[in-house]
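Just so we're aligned: 298 in the numbering used here is position 311 of the sequence shown, and the numbers increase by one with no gaps anywhere. Glycine included, each C-beta is placed from N, C-alpha and C at the ideal position. Shown next, in structure tokens, is the structure this report addresses.
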Amino acid sequence: MQPRPATALSFNPAFLVGSLLALYFFLGRWTFARLQGDYELVPLMEQPRVWAIGMIVVLAAIVFTEVRHRGSYRPQPIDTVLLAWFSYLLISAVWAPDAELAVEKFSEVAMLLVVTLAIAMIRSPDTQGQALLGFWWTVVAMGAAMGLLALYMSTGGRVFTPTGGPNIFGRNMGLTGIGAMMLATRCFSLAKVSLYTIVVLSAIWVVMCGSRGALLATGVAGVVLFLTARTNFATKITASLAFAMAAMFMFANTEAGRNAMDVFRHRILQQTVEQRYTADRDDLFTEAVELGMEKPVLGWGLSGFRANSWTYPHNIFLEAFAEGGVIGVVLLLWLFWSWWRALRRNRSAMTGTTLAGMALLVTSACFSGNFYDSRGVFLFLAISVEAIASNRVSLPSMHSSAVRSPAMGNVSATPAGS
């Protein structure tokens, strides 16, 4: 009888690209200057996000060189649409009303373009979803670390981390919970306990942040995951009840849980339900529509909304309309349609966690942040179809033995013992 191959997680360049993408996602605009309380924008070359992009490009180039040499490079239609979308945004800086604001936003959109092009460089059946796997593992690891840091720093009230305010923190914690749920179904038994614990903790962290957008986005993602999970209805009900019981226990019997309930009562029940507090979102949405209607075809150009207002619309679609006009909205919708078509071409990639992750990111982007703050949407649109270059590709699990490639390391996975 042949011995069972040892299980291994293959740390190849594609996996590391995914890990760096998660790092870039979490970093946001954070700089070391913030450790001293300085939130002014520092020069680009001193920003960690730029360093992360540099490493992403280098590793993506390594993967690209190998897959092109092997003849297995398979670009996807969504790459063309992403290029068209970001190129249009950059071009719109030409008719922007405020050149200084446009230049600032131009650099951030250019970063997103470079990152999505790097993702396009690693499209190949040989990567076998390793970039997506690296992304999820790093999201869960960093998200859990940030959640624990927030608990340590918390003195009561809403929580956040140095890389973002409560809205961003809540979005990140929701995505962490989805990632932990996905990885728990693909891991050995000891890791399952830790990952399911993170799923429950993520619910507490989302409530503790006090972000109504993050709470709504996480709720929408939970519904999507329940409806699309590939298991029978009885298993879904059992898992939902187990999660609810564990969450209720944590809310009732831990200091963090009780603090989360206090935040929920204040932010949701009192401010939202009783006082109907909207944080001016309704006014911003109305203003975005009115500005878009003034220049409906091309919009006001990059940072055009901020040039006419005090901030940004806090809605990715209204921002596209105000600054890019109907053309911008059509390109954005085309991007989502291309993503959906890519998933439909390979049903193995249309997992519940993929759909739930996208639902969370898009819902969050409808209530908070600007294009760059919504970078998770564009990263996930690109990386979630990373493995759809072949009909036989699916996300590898921890119960996989790796097939070795001389230049790339472990680049494909086959079931252990098969």
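Subject >> Three-state secondary structure assigned by DSSP to G121 >> reply: Helix at G121.
Original post:
Does DSSP put T18 in a helix, in a strand, or in coil?
Top reply: The answer is coil: DSSP assigns T18 none of H, G, I, E or B.
**OP:** Give the DSSP-derived three-state secondary structure of T350 in the structure shown.
**Re:** Helix at T350.
**OP:** Can you have a look at F308 and say buried or exposed, based on whether 16 or more other CB atoms are within 10 angstroms of its CB?
**Re:** Burial check for F308: the Cβ neighbour count within 10 Å reaches 16 or more, so the residue is buried.
Subject >> Check: P64 C-beta below 7 Å from any heavy atom of the ligand NAP >> reply: The model depicted lacks the ligand NAP and carries no ligand whatsoever.
**OP:** Excluding the 5 residues preceding and the 5 following S198 in the sequence, name in chain order all residues of the same chain whose CB lies nearer than 6 Å to its CB.
**Re:** So the list reads P153, N154 and G157, once near-sequence residues are dropped.
Original post:
Anyone know if the C-beta pair for I165 and T18 falls short of 8 Å?
Top reply: No, Cβ-Cβ distance for I165 and T18 is not below 8 Å.
**OP:** Could you tell me how far apart the beta carbons of I40 and L368 are, in whole angstroms, since I believe they sit closer than 8 Å?
**Re:** Under the criterion of beta carbons closer than 8 Å, I40 and L368 do not qualify as touching, at roughly 18 Å.
Original post:
How about C196 and R263: do their beta carbons lie closer than 8 Å?
Top reply: Between C196 and R263, the gap from beta carbon to beta carbon reaches 8 Å or more.
Original post:
With DSSP run on the structure shown, which of helix, strand or coil describes T341?
Top reply: If DSSP states are grouped into helix, strand and coil, T341 belongs with the helices.
Original post:
Which residues in the same chain have their Cβ closer than 7 Å to the Cβ of M237, if we skip the five residues on either side of it in sequence?
Top reply: Excluding positions up to five away in sequence, the list reads V187, I191 and G244.
Original post:
Exposed or buried, which one is T424 when buried takes at least 16 other CB atoms within 10 Å?
Top reply: Outside the shown range of the chain (-12 to 405) lies residue 424, about which nothing can therefore be said.
Subject >> Under the three-state DSSP convention, the category A1 falls into >> reply: Looking at A1 - three-state DSSP - the assignment turns out to be helix.
Original post:
Around the Cβ of G151, are there at least 16 other Cβ atoms within 10 angstroms (buried) or fewer (exposed)?
Top reply: Buried, because 16 or more other Cβ atoms sit within 10 Å of the Cβ of G151.
Subject >> Neighbourhood of V316 by C-beta, 6 Å cutoff - its chain only, sequence neighbours within 5 removed >> reply: Excluding sequence neighbours, V316 sits near A307 and F308.
Original post:
Expressed to the nearest angstrom, what Euclidean distance is found between the alpha-carbon atoms of A131 and S181?
Top reply: Distance between the alpha carbons of A131 and S181: 10 Å.
Original post:
Who pairs with T148 in a beta bridge, going by DSSP?
Top reply: T148 pairs with G151.
Original post:
Is the number of C-beta pairs between the segment 350 to 358 and the segment 203 to 219 that are closer than 8 Å three or more?
Top reply: Contact holds: three or more Cβ-Cβ distances are below 8 Å.
Original post:
Which residues bound the alpha helix (DSSP H) around P64?
Top reply: Where P64 is concerned, the enclosing alpha helix (DSSP H) starts and stops at P64 to I78.
Original post:
Quick one: is T273 buried, meaning 16 or more other Cβ sit within 10 Å of its Cβ, or exposed?
Top reply: Around the beta-carbon of T273, fewer than 16 other beta-carbon atoms lie within 10 Å, marking it exposed.
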